[in-house]
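What follows is a set of notes on a single structure, which appears directly below.
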Amino acid sequence: MKKVATMQDISCVGKCSLTAALPVLSAMGIETAVLPTAVLSTHTMFHGFTFHDLTNEIPPIMDHWQKEQFHFDAVYTGYLGSIAQLKDAAMLFEDFGTGIRMADPCMGDDGRLYTGFTEEFAAKMADLCREADIIVPNMTEASFLLQIPYQKEYDEAYIKEVLKKLTSLGCRAAVLTGVSLQKDHIGAYAYDRKKDHFTSYFDRKEPESFHGTGDLFAAALLGAIVNGRSFEQSLKIACCFVKRSIHLTIAEKDHNLYGVNFEQAIPYLIRLLKE
Ligand code: PXL
């Protein structure tokens, strides 16, 4: 059985980070170890959320894992709770990163950093991205990683330039999520530096956008790669899964705005994986 370890927070309500990645990876037939970075009552788009930092727990957990000689086919970092955790995430890559190392530099959207993050954090996140094989930023996170202005409007040449700059941080491949080159379409654009190859997948844009879709995308992408799908196939699987989750959410009359109905898109994800 394939094994993944993922380091991100538990938002008790909100359908993001661990409560999204764990069910997705498990459903894809992957044993998933978790390294929780913080426990929040909800994700940070709610007002008044509680935040319990678990920074002190992480080194002893990793020490124990080392003593037990655990090995993983992939390690994957998401939302980190403090600057100190960036060092722990680098340790996770160093000590357990014999397989794929993926960093989702969760820290912002729509041109802004999420509550609690600073430009200093973003600069240090770029250092973690250097150590990864694959990084999966959205356009906002890419601009903070590269310290370039966030652009709402862009063309394909700009996306390719950003992807090349992202991989020149040191990672093998970069996937930009939430890319829109045509008014009604959205998708992901990727660059594999080793193969010097671009790949992309776009589909019709759903009329609303939701929280947590980046986390679902990252988990499904890694799950497909770990299951032996090509980078191109994995990109398509992750895009289709996120689109279906959004579609199912909107179709539900009383849907909430904090997360998507990914649970009911899981059977579709499994079908995509088997195709
Ligand atoms: O979806 C990214 C994410 C993960 N974890 C927490 C968040 C967010 C986005 O806002 O607040 C706690």
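Per our numbering, residue 108 is the first one in the sequence shown, and the count goes up by one each step.
Glycine included, each C-beta is placed from N, C-alpha and C at the ideal position.
From a predicted model like this one, the values you see are computed outputs, not experimental measurements.
Residue i CB to nearest heavy atom of ligand 1 below 8 Å
i: Ser-189; result: no
i: Thr-184; result: no
i: His-150; result: yes
i: His-318; result: yes
i: Ser-118; result: yes
i: Tyr-221; result: yes
i: Leu-147; result: yes
i: Asp-160; result: no
i: Cys-347; result: no
i: Gln-115; result: yes
i: Asp-322; result: yes
i: Gly-121; result: yes
i: Cys-76; result: Given a span of 108 to 382 for the chain in the structure shown, any question on residue 76 remains unanswerable.
i: Ser-124; result: yes
i: Cys-278; result: no
Contact belief for residue i with residue j at Cβ below 8 Å, rounded distance in angstroms
i: Tyr-308; j: Leu-342; result: 5 Å
i: Phe-224; j: Met-209; result: The pair is not a contact, with the Cβ atoms about 20 Å apart (cut-off 8 Å).
i: Ala-297; j: Phe-324; result: Contact flag wrong, Cβ pair sits at about 12 Å.
i: Val-282; j: Ile-241; result: 7 Å
i: Thr-151; j: Thr-222; result: 5 Å
i: Thr-144; j: Gln-115; result: 6 Å
i: Phe-179; j: Ala-239; result: That pair is no contact at about 14 Å.
i: Ala-229; j: Leu-235; result: Ala-229 to Leu-235, Cβ: 11 Å. No contact.
i: Thr-149; j: Val-120; result: 5 Å
i: Phe-348; j: Leu-379; result: 7 Å
i: Leu-276; j: Ala-233; result: 6 Å
CA-to-CA distance, residue j to residue i, given in whole angstroms
i: Lys-301; j: Asp-291; result: 32 Å
i: Asp-202; j: His-154; result: 37 Å
i: Leu-129; j: Val-141; result: 8 Å
i: Asp-322; j: Gly-185; result: 8 Å
i: Ser-124; j: Pro-244; result: 14 Å
i: Gln-340; j: Thr-306; result: 10 Å
i: Arg-259; j: Gly-218; result: Before going further, note that residue 259 is Lys rather than Arg in the sequence given. Those two C-alpha atoms are separated by around 8 Å.
i: Leu-355; j: Thr-320; result: 13 Å
i: Lys-360; j: Ile-373; result: 20 Å
i: Leu-253; j: Asn-334; result: 31 Å
i: Ala-81; j: Gly-206; result: Outside the displayed span of the chain (108 to 382) sits residue 81, for which this structure offers no information.
i: Leu-161; j: Lys-109; result: 27 Å
i: Lys-267; j: Leu-132; result: 29 Å
i: Thr-126; j: Tyr-183; result: 14 Å
i: Leu-147; j: Thr-274; result: 32 Å
i: Val-111; j: Thr-139; result: 5 Å
i: Glu-226; j: Phe-251; result: 7 Å
i: Lys-272; j: Asp-262; result: 16 Å
Paired residues, beta bridge with residue i - DSSP
i: Glu-313; result: DSSP, once it has assigned bridges, lists no residue as partnering Glu-313.
i: Ala-295; result: Tyr-308
i: Gln-115; result: Pro-143
i: Gly-215; result: Leu-220
i: His-159; result: Val-146
i: Lys-110; result: Glu-138
i: Arg-300; result: DSSP lists no partner for Arg-300.
i: Lys-209; result: This sequence places Met at residue 209; Lys is not what is there. DSSP lists Tyr-183, Ile-241 as partners of Met-209.
i: Thr-284; result: Asn-245
i: Val-120; result: Thr-149
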